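Here the protein sequences come in this chain order: L and Z.
Be aware that the first sequence starts at 1, since it is given in this note's numbering, and climbs by one per residue.
Be aware that the second sequence starts at 1001, since it is given in this note's numbering, and climbs by one per residue.
Report on one structure; see the data block that follows.
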Amino acid sequence: QVQLVQSGAEVKKPGASVKVSCKASEFSSIGYYIHWVRQAPGQGLEWMGWINPNSGATHYAQNFQGRLTMTRDTSITTAYMDLSGLRVDDTAVYYCARVGEVTDALEIWGQGTMVTVSS
Amino acid sequence: ETVMTQSPDTLSVSPGERATLSCRASESVINNVAWYQQRPGQPPRLLIYAASSRATGVPARFSGSGSGTEFTLTITSLQSEDSAVYYCQQYNNWSFGQGTKVEIK
């Protein structure tokens, strides 16, 4: 069973950047898009964007254009989400998720990374 | 962006009864809709993809239907462990509904 393991919790000041990692347990996951989704405390899910680990191509939600960068390192089966210009309302749990083998829905999820933005 | 609107916001159902959750898309998403279950403190879990296909390991009491702009998740014979928030998602251009909280009476 493929697993996605994310990096640990972060506390940042407003205006700073945060980089969250997401490591797949199997190299076969290289062929499957990775998405990032966030969830503010007590709120719903917000889709942020995806990365194609093979090509490095990305697509971001309009809300994050200019602040969000997704990258990957195929040699270590790890994807990264970098969010800059942090604001207090960026405080959330950030999830990475992998599409399924037979669907573009998000079948495998990381455990989540809490990012707290506070002065 | 395609807006997904779920109803109701909260649903209170007795054990063993049926729960019906709705999701409406602001434009046609064909059948590119998934449903997820999220329990407190856990990541979402994929239940249904392609509007009506159950994901691996999902109990048969969960079923999905619909196409175009109207979609439904049905949970028959509700069990205590089904208490959670349920989200629909369209993966044409990617957006989630606001969620429906299912409570057990």
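Ideal Cβ positions, reconstructed from N, Cα and C, are used throughout, including at glycine.
Keep in mind it's a predicted model, so treat the numbers as computed, not measured.
Item: Other residues of its chain near S1077 of chain Z: CB distance less than 8 Å, five sequence neighbours each side excluded; Value: G1016, E1017, R1018 and R1061
Item: Residue environment, R98 of chain L, which counts as buried when at least 16 other CB atoms sit within 10 Å; Value: buried
Item: According to DSSP, residues forming a beta bridge with G112 of chain L; Value: Answer is none; G112 of chain L lacks a bridge partner.
Item: Beta carbon proximity, Y94 of chain L to chain Z, threshold 8 Å; Value: no
Item: Paired residues, beta bridge with W1035 of chain Z - DSSP; Value: Z:I1048 and Z:C1088
Item: Straight-line Cα distance separating S1095 of chain Z from E26 of chain L; Value: 28 Å
Item: Chain L contacts from the stretch 1040-1052 of chain Z (Cβ-Cβ distance under 7 Å); Value: P1043, P1044, L1046, Y1049 and A1050
Item: Residue from Z:A1034, Z:P1043, Z:V1085 and Z:A1084 with nearest C-alpha to S1067 of chain Z; Value: Z:A1034
Item: Residue span of the beta strand (DSSP E) that contains R1024 of chain Z, given as start and end; Value: A1019 to A1025
Item: Where T126 of chain L meets chain Z, residues with beta-carbon distance less than 7 Å; Value: With chain L running from 1 to 119 in the structure shown, residue 126 of chain L is simply not present.
Item: Beta-carbon contacts of V18 of chain L that lie in its chain and below 6 Å, excluding the five residues immediately before and after; Value: E10, K12, L83 and V115
Item: Assigned secondary structure, T74 of chain L (DSSP; H/G/I helix, E/B strand, else coil); Value: helix
Item: Closer than 7 Å at the beta carbon, the chain Z residues around W109 of chain L; Value: P1043 and P1044
Item: Residue nearest to S1026 of chain Z in terms of C-alpha spacing, selected from Z:I1048, Z:P1008, Z:E1001 and Z:S1012; Value: Z:E1001
Item: Residues near Y32 of chain L by beta carbon distance below 6 Å, same chain, minus five either side; Value: R98 and V99
Item: Beta-bridge pairing of K19 of chain L - partner residues as DSSP gives them; Value: L:D82
Item: From L:G110, L:S119, L:Y94 and L:L106, residue whose alpha carbon lies closest to that of Q39 of chain L; Value: L:Y94
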